[in-house]
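Student: To get this note's numbering, take the position in the sequence shown, counting from 1, and add 1213.
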Amino acid sequence: MSWQTITLIVPDELKDAVVGEFSNDGIAGVWERAAGGAGCEMVLYFGPASRARLVDARIGRLFQRNGYPVPAVHVGTQRKEDWSAGWRKGFTSFPLGRRFRVVPSWEDPPDGDDRVPLRIDPGLAFGTGTHETTRLVIEEMEVLDDRGTVAGAVLDLGAGSAILSIAAVRLGWTGVIACDIDPDAVAVARANLRRNGCAVPVYVGSADALARAGAAVVMANLTAEAIRGLLPELRRVVQPGGTVLVSGILNAQADAVRGEVAGGGFEVRRERALGEWVVMAAERASAGGLST
Ligand code: SAH
């Protein structure tokens, strides 16, 4: 099994735009490292069925639109087995939110650290904690936690590396379960959960496997498109008064998503942006409140 890869040097100001441009096009992951000057080398990974050559042309147009010369783009393939090795080279521990530190499996937490370690080996899955969309969800989980006890089951919908499940367990939330439609991600999620001693069940699948009103909190760091498709299921599984954290939304998509979330039986309680990305904390209207 191989990924199609696109490698190019991206100025810092365009990084979010490049990822954003392709976030709905089967982009499986992004890897970057400083390239000297104000830019980084970026590798975009696409599944075998995606059309990487069209992406190449779109990158050129995106650079031109923003007043940059068309960059040299290298289209290649990478065997899935080599993916982890690539990640390991550039991945080291870093603080996340107010309470956590992401620590790769091959490193030890720094001495005397008072942050809670999340031991992550990203393997083939998304969710190292470096991406804004993940950071925004972690920060909103901390806000929810500050507000009081999370009473009821917690669903990590689209778990990827399971970073959000591990953070939920460390916040003391109980009844955490995780799912992902990608079996590779589920395998990585299970390994990371084991690594952190977290007894969180993970299944291949999505929200439709959950009972009605089965969740007090759902973390959904997906894409605007996926969130749109899942709204009826979210409305079914989130208990009245419960919260869904939706992330993976670009600034430009926020108005539309906010309207759809509100129309789907939720009240958007909080919204925050980081770079190009927006997270929303939406509360399921209680019975007797908005439409049920
Ligand atoms: N939760 C992690 C990873 C997010 S990446 C984080 O916050 O960093 C999004 C993940 O959602 C991917 O692993 C993808 O396979 C999965 N996914 C996409 N659509 C989904 C759906 N409809 N149901 C469940 N998982 C989905």
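For every residue, glycine included, the Cβ atom is placed at its ideal position computed from N, Cα and C.
Quick one: what's S1374 bridged to in DSSP?
Tutor: Paired residue(s): none; S1374 is not in a bridge.
Student: If you draw a straight line from the alpha carbon of G1427 to that of P1284, how long is it in whole angstroms?
Tutor: Straight-line Cα distance between these residues: approximately 49 angstroms.
Student: Restricting to Cα atoms, I'd like to know which of M1493, S1460, A1433 is closest to D1393.
Tutor: With distances taken between Cα atoms, D1393 lies closest to A1433.
Student: In the DSSP assignment, what residue or residues form a beta bridge with T1290?
Tutor: Paired residue(s): Q1217.
Student: Given the structure, does V1350 come close to the ligand SAH, in the sense that its CB is under 7 angstroms from one of the ligand's heavy atoms?
Tutor: Correct: V1350 has its Cβ closer than 7 angstroms to the ligand SAH.
Student: My output table needs one value for E1496: the three-state DSSP class, helix, strand or coil.
Tutor: Note: E1496 maps to strand in three-state DSSP.
Student: Can the beta-carbon of A1509 be found closer than 8 angstroms to that of L1368?
Tutor: With the chain represented from 1214 up to 1505, any question about residue 1509 goes unanswered, as that position is not in the structure.
Student: Taking contact to mean at least 3 C-beta pairs separated by less than 8 angstroms, is the stretch 1457-1476 in contact with the stretch 1396-1411?
Tutor: No, they do not touch.
Student: Just reading off the beta strand (DSSP E) that V1415 is part of, what are its end residues?
Tutor: Where V1415 is concerned, the enclosing beta strand (DSSP E) stretches over 1415-1417.
Student: Cutting at 7 angstroms between CB atoms, please list the residues of its own chain near T1305, excluding the five before and the five after it.
Tutor: Answer for T1305: P1317, E1320, listed in chain order.
Student: Could you check what DSSP says for D1393 in three-state terms: helix, strand or coil?
Tutor: Of the three classes helix, strand and coil, the one that applies to D1393 here is strand, per DSSP.
Student: Need the endpoints of the alpha helix (DSSP H) that V1232 sits in, please.
Tutor: Counting along the chain, the alpha helix (DSSP H) containing V1232 begins and ends at 1228-1234.
Student: Going straight from the alpha carbon of G1418 to that of G1371, what length do you get?
Tutor: The alpha-carbon atoms of G1418 and G1371 are separated by roughly 9 angstroms.
Student: Does the ligand SAH have even one heavy atom less than 7 angstroms from the beta-carbon of A1398?
Tutor: True, at least one ligand heavy atom lies under 7 angstroms from that Cβ.
Student: What I want to know is whether the C-beta of G1343 ends up closer than 7 angstroms to one or more non-hydrogen atoms of the ligand SAH.
Tutor: According to the sequence shown, residue 1343 is Thr rather than Gly. Result no, Cβ not under 7 angstroms from the ligand SAH.
Student: Run the proximity test for T1347: is its beta-carbon closer than 7 angstroms to any non-hydrogen atom belonging to the ligand SAH?
Tutor: Yes, the beta carbon of T1347 sits closer than 7 angstroms to at least one heavy atom of the ligand SAH.
Student: How close, in whole Å, do the beta carbons of V1431 and V1451 come, if the pair is a contact with beta carbons under 8 angstroms?
Tutor: Going by Cβ atoms, the distance from V1431 to V1451 rounds to 6 angstroms, so yes, they are a contact pair.
Student: Could you tell me which whole alpha helix (DSSP H) segments of length 4 or greater appear in the stretch 1318-1370?
Tutor: Correct list: 1345-1359.
Student: Taking a contact to mean a Cβ-Cβ separation below 8 angstroms, would you say E1411 touches S1378 in this structure?
Tutor: At residue 1411 the sequence reads Cys, which differs from the Glu that was named. It is a contact, given that the beta carbons lie within the stated cut-off.
Student: Label E1353 either buried or exposed according to how many other C-beta atoms from any shown protein chain fall within 10 Å of its C-beta, with 16 as the threshold for buried.
Tutor: Burial call: buried.
Student: Within 10 Å of its beta-carbon, does G1477 have 16 or more other beta-carbons around it, so buried, or fewer, so exposed?
Tutor: By the 10 Å Cβ count, G1477 comes out buried.
Student: What I want to know is whether the C-beta of C1392 ends up closer than 7 angstroms to one or more non-hydrogen atoms of the ligand SAH.
Tutor: Because some heavy atom of the ligand SAH lies under 7 angstroms away, the Cβ of C1392 counts as near it: yes.
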